[in-house]
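K.L.:
Residue numbers (our numbering): 58 to 229. Note that beta-carbon positions come from the ideal geometry of N, C-alpha and C, so glycine has one too.
1. For the beta strand (DSSP E) that contains residue 4, what are its first and last residues?
2. Considering only their Cβ atoms, is the gap separating residue 121 from residue 168 smaller than 9 Å?
3. Quick one: what does DSSP say residue 120 is sitting in, helix, strand or coil?
4. Does the beta-carbon of residue 170 have 16 or more other beta-carbons within 10 angstroms, so that it is buried, or is it exposed?
5. Verify whether the separation of the beta carbon atoms of residue 229 and residue 112 is less than 9 Å.
6. Should residue 94 be labelled buried (16 or more other beta-carbon atoms within 10 Å of its own) or exposed?
7. Can you tell me where the alpha helix (DSSP H) holding residue 183 begins and where it ends?
8. Specify the secondary structure class of residue 83 as computed by DSSP and reduced to three states.
9. For the pair the region 189-205 and the region 81-101, tell me if three or more CB-CB distances fall below 8 Å.
10. Report the three-state DSSP secondary structure of residue 144 (helix, strand or coil).
11. Could you give the uninterrupted runs of the alpha helix (DSSP H) lying entirely in the region 184-226, keeping only those of 4 residues or more?
12. Give me the residue from 211, 223, 206 with the minimum Cα distance to residue 98.
13. I'd like to know if the region 178-196 and the region 209-223 are in contact, where contact means that at least 3 CB-CB pairs between them fall below 8 Å.
14. Is the Cβ-Cβ distance between residue 153 and residue 133 less than 9 Å?
15. For the candidate residues 151, 145, 144, whose alpha-carbon lies nearest to that of residue 135?
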């Protein structure tokens, strides 16, 4: 016959098992929410970098201005006037039709290599290029607050996202 375990030893063993499973669940939650947060932020940087690389890394790229003459089908176009050495004038370049572009206005731009597509440059272009990252910061802040339970970090991320989006709104 097996001797009976004292009640206090059985209770201690049950608490230890409960503590271990709780720690495992906490680790799983933190790992899953950390992964989701990282993916959201990586996606925001990836979406921003497609335009931001042309605006930030302008050395050796053609720079100039475009006067938007017409818009339609999601794009605007107009004549390009060069500003940088080695850049040549073009009768027509294409810029994405967005809130950052209006018909009849002139914008400083950088020509994307290998074509007639341009992106806005200068402070407004830089801020507008990073708008997807601002949205990703706002979305990730919700995950950090709810899933990781790091409210101060979440408020910081949300604040950075709001500042970026607001600055882009006023610069454009």
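P.N.:
To lay it out plainly:
1. This structure leaves residue 4 out entirely; the chain is present only between 58 and 229.
2. Looking up residue 168 in the chain shown gives position 111. Looking up residue 121 in the chain shown gives position 64. The answer is yes: Cβ separation under 9 Å.
3. Start at 1 with the first residue of the chain shown, and residue 120 comes out as number 63. In the structure shown, residue 120 adopts extended strand secondary structure according to DSSP, grouped into three states.
4. For the purposes of this step, residue 170 is identified with residue 113 of the chain shown, where counting begins at 1. That one is exposed.
5. For the purposes of this step, residue 229 is taken as residue 172 along the chain shown, with counting starting at 1. For the purposes of this step, residue 112 is taken as residue 55 along the chain shown, with counting starting at 1. Note that the C-beta distance between residue 229 and residue 112 is not below 9 Å.
6. For the purposes of this step, residue 94 is identified with residue 37 of the chain shown, where counting begins at 1. The residue in question, residue 94, is buried, as its Cβ has 16 or more Cβ neighbours within 10 Å.
7. Taking the first residue of the chain shown as 1, we reach residue 183 at position 126. Unbroken alpha helix (DSSP H) run through residue 183: 179-186.
8. Here residue 83 refers to the residue found at position 26 of the chain shown. Three-state result, residue 83: helix.
9. yes
10. Position 87 of the chain shown, counting from 1, holds the residue named residue 144. Correct three-state label for residue 144: coil.
11. 188-203
12. As a first step, residue 98 must be located in the chain shown, where it is residue number 41. Cα-wise, what sits closest to residue 98 is 211.
13. yes
14. As a working note, residue 153 is residue 96 in the chain shown. As a working note, residue 133 is residue 76 in the chain shown. Yes.
15. Taking the chain shown and counting its residues from 1, the one referred to as residue 135 is at position 78. It is 151.
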